[in-house]
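In our numbering, the protein residues as written are 9 to 155.
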């Protein structure tokens with residue numbers, strides 16, 4: 009008689025995740041492109057360092073694929089603010105267990121978003137172990153740009 013075990017349960021859960029469970033970002037394992045289609049899912053990939061800025065930025069589209077077996081991300085970041093924003097961003101990468109991969113090794117990148125602008129932001133995972141990500145965005149103080 010067949011007796012299910014925890015391993016069978018985990019196999020079913022992992023299969024559901026890989027085959028497109030809508031609340032989990034895709035795990036890509038071949039050449040091709042996966043798109044996330046729910047804005048609710050998009051917000052889980054954006055981390056912003058202050059509440060005011062958080063309300064002014066959204067991710068409007070995410071595409072992922074593998075390139076040389078590394079996770080590649082192309083997302084659309086949208087500003088809902090009328091004026092220009094001086095920002096910096098970097099990607100945080102996570103393994104299949106949710107642990108950070110190569111933490112703090114990705115440098116901050118400058119990004120200027122003009123009023124109501126949408127721009128593409130791209131990232132490539134640093135290791136094969138990375139299967140998910142978030143984009144961390146912070147505002148650069150205005151005085152940092154004055155000479």
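Yeah, the Cβ is synthetic: ideal placement off N, Cα and C, and Gly gets one too.
Note that this is a predicted model, so its numbers are computed, not measured.
Span of the alpha helix (DSSP H) around residue i
i, result
"residue 62", "59-62"
Pairwise C-alpha distance: residue j and residue i
i, j, result
"residue 82", "residue 92", "22 Å"
"residue 88", "residue 127", "12 Å"
"residue 31", "residue 106", "The pLDDT assigned to residue 31 is 40, lower than 50, so where the model puts this residue is not dependable; a value taken from the coordinates is nonetheless given after this. Cα to Cα, residue 31 sits roughly 15 Å from residue 106."
"residue 102", "residue 132", "12 Å"
"residue 111", "residue 125", "29 Å"
"residue 104", "residue 140", "8 Å"
"residue 70", "residue 76", "19 Å"
"residue 27", "residue 149", "Caution is warranted here: a pLDDT of 48 is assigned to residue 27, below 50, making its placement in the model unreliable, and no coordinate value can be reported."
"residue 6", "residue 145", "With the chain represented from 9 up to 155, any question about residue 6 goes unanswered, as that position is not in the structure."
"residue 73", "residue 79", "6 Å"
"residue 45", "residue 51", "Because the pLDDT of residue 45 is 48, which lies under 50, any placement of that residue in the model is unreliable, and the number read from its coordinates should be weighed accordingly. Distance between the alpha carbons of residue 45 and residue 51 is about 12 Å."
"residue 95", "residue 122", "11 Å"
For residue i, the nearest candidate out of the options (CA to CA)
i, options, result
"residue 120", "134, 97, 132 and 105", "97"
"residue 113", "137, 140, 100 and 125", "100"
"residue 129", "68, 64, 147 and 62", "68"
"residue 64", "86, 49 and 52", "86"
"residue 118", "62, 147 and 49", "147"
"residue 109", "95, 142 and 90", "142"
"residue 49", "66, 62, 60 and 95", "66"
Span of the beta strand (DSSP E), counted from its first residue to its last, around residue i
i, result
"residue 131", "126-132"
"residue 118", "117-121"
"residue 55", "54-56"
"residue 82", "78-87"
According to DSSP, residues forming a beta bridge with residue i
i, result
"residue 98", "144"
"residue 75", "78"
"residue 108", "102"
"residue 66", "86"
"residue 93", "121"
Residue i: CB within 6 Å of a non-hydrogen atom of the ligand FMN
i, result
"residue 53", "By its list of ligands, the structure shown contains no ligand whatsoever, and the ligand FMN lies outside what it can speak to."
Would you call the stretch 54-61 in contact with the stretch 122-137, where contact means no fewer than 3 C-beta pairs closer than 8 Å? No: fewer than three Cβ pairs fall under 8 Å.
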